[in-house]
Amino acid sequence: MEVLQFQDPKPVPDLIHCHGVDQHNAAIIIDNGSYQCRVGWLNQKEPLLTFRNVIAKPRKERSKKDIPESSVMPQLQVGNDITNIEAVRFQLKTQFDKNVVTHFEAQEHLFDYTFTHLGIDTEKCVTHPVVITEPFLNPNSSRQLMSELLFECYGVPSVAYGIDGVYSYHFAQPKSEDNGLIISLGYHTIHVIPVLNNKTSFVNTRRINTGGSHIISFLHRILQLKYPAHANAITLSRAEELLHTICAVAVDYKEELNRWTAPDYYEQNIKRIQLPYSTVTVTTLTVEQQKERKRELAKRLAEINARKREERLAEDEEKLNNLIAIQEMLEIDEDSDEIDQLLVDNQIRNVEDLHKNITALNVKIEKTKEKIATASNEDIVVDDIPIKQSKPNKMVFENEKAMHIYIQNAKKMRQEILNKKTARKQRRQDMAKRRTAAGQERMRIISQLARKEKGNDDFGLRDEDWDIYKTISREGGDSDSDTENEKLLELEELIRTHEPSEIDDTLKPGESHQLHIGIERYRAPELIFKPYMMGSPEAGLIEVIGYVLSLFSPEEQLLLAGNVVLTGGLANLPGLKERIETDLVSIRPFRSYSKVSVIASPSLAAWYGTRKWARSSEFKRSLVTRAQYNEYGSEYFKVHIASNMYVPTPKGHAMDVCD
Amino acid sequence: MTEFIKSEIRPVFKATTFQHTSKSNNKKRAWKSLKQIISTERSLQWPENYVHYSSINAPPSFKPAEKFSDLSGLPAPYTDPQTRLRFANKEEYGTLIGLPMDITAGYLALRGASSIVG
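If you read the protein sequences in the order shown, they are chains A and B.
Take the first sequence: its letter number 562 is residue 562 in this note's numbering, and every next letter is one higher.
Take the second sequence: its letter number 88 is residue 1088 in this note's numbering, and every next letter is one higher.
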C-alpha cells in the first residue's frame, strides 16, 4: 500500500520585479480575493504575483514593554514572505472579514507589498490605473475606504471596480453567452449569480456563507479529533494540502458512504498519509547490547583503578628510596645540618620516625602490588559475570500444546493487568472532570460526609466505614502498584522469550504516525451541499440553485439552467461538475435541458477575465479619475457589465465611517 | 508599533501624509467589522430597488438534515444519550464510550450542536 507524504509546500518569497519601459502607464490588474491576491500588468498574459492575502504582525513582547522600541523589532511579514505560515498562525491578520475588505490598515500593508514587488519607484505616486475586484454587493463604506486608500495614499490616476465571478464569466470564457448562472466558489462564500441578457440580476443572487476555508477547518478538525495524539502535527496548512490533493466531491454521497462500509473497498481506497516522525533509537537497544555496554564500562573503570594504583606505587617507591638514602647518610655521618634539613623536608621528626616510616611504606608497597596482581586476574572474571545474568531460561515444556496454553495464560494475565490500568486511568480522568457520572457521584459522597448530624453520628464504628474514603479518592482506592508493574514486566519478558514476535515489531517505524483518510475525503467537501454538517442553518448549494431558479419564469429558468458555469478555486475539486449536473437534473422538470461547465483554470479565471475586460473599449469609460473622485465623493464608481450596482449612500443619514 | 515599522520602510511611492479618515480621530479605534458595517447599511433609507449585502443571504434549508455519524461520517441511525454523539453501528459505539470528554465535546462543537439549548 502506497503511503503518501505531506509536501508542506513553502511559498517562495516574491522577487522585486523591474518596472519595465513597456509598462508605461499600463493598468495594474488586482484580483483581491480573500484567499489569494493575484496581481499583474495589463500587457502581460499571466499574473506576476500570487500570494495569500495575509500579514503576520509580530506582537510586542509583554516583558519588553518598558524597553524603548529598538531596531531588534521583528519585521512585518506579508504574503509570500511568510515561509512557515504555521509558525505565525496566531499572528496572522487579513484585511478581510468574510469576503469583504474591512481592515484597511492591513490592506495598506498588502498594497505596499504589491506595489513594491511590481517595482514601482515613482516618487509619491503610482502612475498606473488600477483595476481591482471586489465582492458581490460590496458595502459602500468598504469601497469608499478602498478608493480613499488608492487615491490619497498611493496617488493612482484612476480606479475601476468589478466583481471577480462576473469578470470570469464574461471574459475568461472563449465565448460567453448572454444568459447563464454563475456559481462562484470562493474561500469564504459561494455566490449563485444569475445573468440574463448580459445583465447581472442582483435581486435574485444568493450567497452561501460557506466556502473553502470552512472545508479546510472542518477537515482539520475531524482529523484532529480522529487522531488526538497528532493534533499538533495536523495543521491547517496540511488540511489545506489534503483538500488540494486528495479531496473530491462524491457524485452520489449516499452511495459513496455505502461503498465505504465494505471492508474491501475501504482497504483499497483508503489513503495513508505519513506524518513526519523521528525514530526513537534509545529504546531499540537489545538486552545483549545493554550488557555489552555495561561490561565495557566496568572494564574502563578497572583500567582507571589499575592506573591509579600504579601511580601510587611509583610514588611510594620514590619516597621509600628517598628515606633509604637518608638512612644511609645517617649511618655514615650523624648530626649534620644537611641531614636535619632533609628530615624536615620529608616531615620527619627524628630517626625513630624515619625507621617507622620506612617499614610503613614497605607494607604499603607490598599491599598495592598484591592488589594489582589480583586486579589483573579479575579481568577475566568480569567477563564472566554478565553471562550469568542473561535471559531467563526458556522453560521446557512437554509438548507444543502445553507451551501454547502456558503462553495464552500469561497473555491473558497481561491483558487483565492492562485492562485494569486503563480502567483506572479512565476513572482518574473522569474523577478529575466535574460533569461526568463518576465525578458527580464523588461530589455527592463528599457532601454527604460533610453533612453534620448531631447525635446519631456513628461513622467509624465499623471498619468498613473508612472504605468510603477509598472510593472518593482520585486514585479510586487502588493505584498502579509496583507489584503489578513488576508482574507486567515479568509477563512481558516471558511472552517475549517464548514468542519473540508478539510484543516487539508490532509496528513498522512511523506506522503510528500515519493518517488514514477514507470518507473524510468526500465528507469535507460535502459541506458545500450540506452546510448543516457544521451547524449552519443555510441551505446547501443545490437547494440554493433551485431557489434562485424558482425566482424566474420557466423560460428564463431554462436559459439559466442551460448554462451553469463554475468558477473560483473550489471548482477544481474533482467530481464537483458531475455532482451538480446530476443534482440539477433531479431538481429540474423532467427532460428539461441543463448544462454545467467548469471555467478553464478556475482559480485564475477572475484575473484573466479582469485583464481581458481592461483591454476592451469599455475599460476607458469605466475608470474613475482622480478629478471625478474629488468631485463625486469617495464612494463613486462607474457601472459596467461586471460591476456592482451604484447606489449612493442616502443623504441625510450619511454613513459615518468614523464610528 | 505600526507607525514605527512604517517609518522605517515606507515605500517611495506612498504619500507621506496619508491618514485613514476613520483612524484619524482616534488611534485606538479598531476597524468596523463586517457585522457593524452591515447593520449600519441596513438601518439606512435606501431606494426601492436597492439590494444590499445582507439581503442576498442564502435561505435557510427547508430539507430535513440527514444524520451522519460524528466519528465516521456514515449514515447514523443512533444517538448516544450520554454524549449526544451520533453513531452508525455497535463498533462505533464501542469506541465512542471510551472517548474522553474533550473529544466528544469537540465533535459536538464541530457539528454546531454544543449549545445546551439545542
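C-beta atoms are modelled at their ideal positions from N, C-alpha and C, and glycine is treated no differently.
Source: prediction; values computed, not measured.
Residue environment, residue i, which counts as buried when at least 16 other CB atoms sit within 10 Å
i: A:Ala314; result: exposed
i: B:Ser1043; result: exposed
i: A:Ile30; result: buried
i: A:Gln448; result: exposed
i: A:Gln514; result: buried
i: A:Val3; result: exposed
i: A:Ser70; result: With a pLDDT of only 48 at A:Ser70, under the threshold of 50, the placement of this residue in the model should not be trusted; the figure read from the coordinates follows. The residue is exposed, with fewer than 16 neighbouring Cβ atoms inside 10 Å.
i: A:Asp252; result: exposed
i: A:Gln389; result: Only weak support exists for where A:Gln389 lies, its pLDDT of 44 falling under 50; the coordinates are left without a value.
i: A:Asp430; result: buried
i: B:Ser1115; result: exposed
i: A:Gln36; result: buried
i: A:Ser141; result: buried
i: A:Asn204; result: buried
i: A:Cys153; result: buried
i: B:Pro1081; result: exposed
i: A:Phe709; result: Since the first residue shown for chain A is 1 and the last is 659, residue 709 of chain A is missing from the structure and cannot be characterised.
i: B:Phe1062; result: exposed
i: A:Thr649; result: buried
Top-ranked residue by Cα proximity to residue i, from the options
i: A:Ile542; options: A:Arg579, A:Ala231, A:Asp8, A:Arg300; result: A:Arg579
i: A:Leu604; options: A:Leu566, A:Phe619, A:Asn377; result: A:Leu566
i: A:Ala614; options: A:Asn80, A:Ala106, A:Arg143, A:Gly162; result: A:Gly162
i: A:His355; options: A:Lys254, A:Arg591, A:Leu330, A:Asp337; result: A:Leu330
i: A:Ser34; options: A:Val203, A:Glu618, A:Phe96; result: A:Phe96
i: B:Tyr1093; options: B:Gln1045, B:Val1012, B:Ala1109, B:Ser1072; result: B:Ser1072
i: B:Ala1076; options: A:Lys294, A:Asn258, A:Leu489, A:Tyr266; result: A:Asn258
i: A:Arg206; options: B:Ala1113, B:Asp1102, B:Ser1054; result: B:Ser1054
i: B:Phe1013; options: A:Thr114, A:Ala27, A:Gln44; result: A:Thr114
i: A:Tyr266; options: A:Ile517, A:His188, A:Ile246, A:His128; result: A:Ile517
i: A:Phe218; options: A:Ala539, A:Ile405, A:Leu236, A:Cys18; result: A:Leu236
i: A:Ala375; options: A:Arg435, A:Leu301, A:Met413; result: A:Leu301
i: A:Gly211; options: A:Tyr187, A:Val195, A:Val126, A:Thr200; result: A:Tyr187
i: A:Gly546; options: A:Pro589, A:Gly510, A:Ile16; result: A:Pro589
i: A:Leu42; options: A:Asn53, A:Val54, A:Gly20; result: A:Gly20
i: A:Ala250; options: A:Thr625, A:Glu581, A:Arg434, A:Pro129; result: A:Glu581
Cut-off 8 Å between Cβ atoms - residues of its own chain near residue i, not counting five sequence neighbours on either side
i: A:Arg312; result: Thr368
i: A:Glu662; result: Here chain A comprises residues numbered 1 to 659, so residue 662 of chain A is not present and cannot be evaluated.
i: B:Lys1090; result: none
i: A:Ala248; result: Arg521, Tyr522, Pro525, Leu573, Pro574, Gly575
i: A:Arg59; result: Gln91
Start and end residues, beta strand (DSSP E) containing residue i
i: A:Ser536; result: Premise fails: A:Ser536 is in no beta strand (DSSP E) and is neither H nor E.
i: A:Glu134; result: 130-134
i: A:Gln440; result: Run containing A:Gln440: none in the beta strand (DSSP E); it sits in the alpha helix (DSSP H), 437-450.
i: A:Ser597; result: 596-598
i: A:Gln36; result: 36-41
i: A:Thr649; result: Looking at the DSSP string, A:Thr649 is not in any beta strand (DSSP E), and its letter there is neither H nor E.
Spatial neighbours of residue i in its chain, beta-carbon cut-off 6 Å, leaving aside the 5 residues before and after
i: A:Ile182; result: Gly165, Tyr169, Ile193, Val565
i: A:Leu185; result: Gly568, Leu570, Ala571
i: A:Asp178; result: Asn197, Asn198
i: A:His498; result: Ile407
i: B:His1020; result: none
i: B:Glu1041; result: His1052
i: A:Leu342; result: Ile326
i: A:Gln107; result: Gln95, Val101
Where the alpha helix (DSSP H) through residue i begins and ends
i: A:Ala239; result: 236-245
i: A:Tyr187; result: Note, A:Tyr187: premise wrong, no alpha helix (DSSP H); not H, not E.
i: B:Ile1037; result: 1034-1042
i: B:Thr1104; result: 1101-1111
i: A:Gln5; result: Per DSSP, A:Gln5 belongs to no alpha helix (DSSP H); it is in the beta strand (DSSP E), 3-5.
i: A:Trp260; result: 253-261
i: A:Arg424; result: 400-432
i: A:Val126; result: No alpha helix (DSSP H) contains A:Val126, which DSSP labels as neither H nor E.
Own chain partners of residue i with C-beta closer than 7 Å, once the 5 adjacent residues on each side are dropped
i: A:Ile387; result: With a pLDDT of only 44 at A:Ile387, under the threshold of 50, the placement of this residue in the model should not be trusted; the figure read from the coordinates follows. No residues qualify anywhere along the chain.
i: B:Arg1111; result: Asp1070
i: A:Ile519; result: Leu257, Trp260
Does the contact criterion of 3 or more C-beta pairs under 8 Å hold for the region 89-109 of chain A versus the region 637-649 of chain A? no
If you pair each beta-carbon of the region 315-331 of chain A with each one of the region 344-351 of chain A, do three or more pairs fall below 8 Å? yes
Pair every Cβ in the region 137-149 of chain A with every Cβ in the region 515-533 of chain A, then say whether three or more of these pairs are closer than 8 Å. no
Report yes or no: do three or more beta-carbon pairs, one from the region 585-601 of chain A and one from the region 568-577 of chain A, lie closer than 8 Å? yes
Hey, is the region 135-142 of chain A in contact with the region 222-242 of chain A, meaning 3+ C-beta pairs nearer than 8 Å? Flag = no, the region 135-142 of chain A and the region 222-242 of chain A do not touch.
Is the region 286-293 of chain A close to the region 606-613 of chain A, with three or more CB pairs under 8 Å? no
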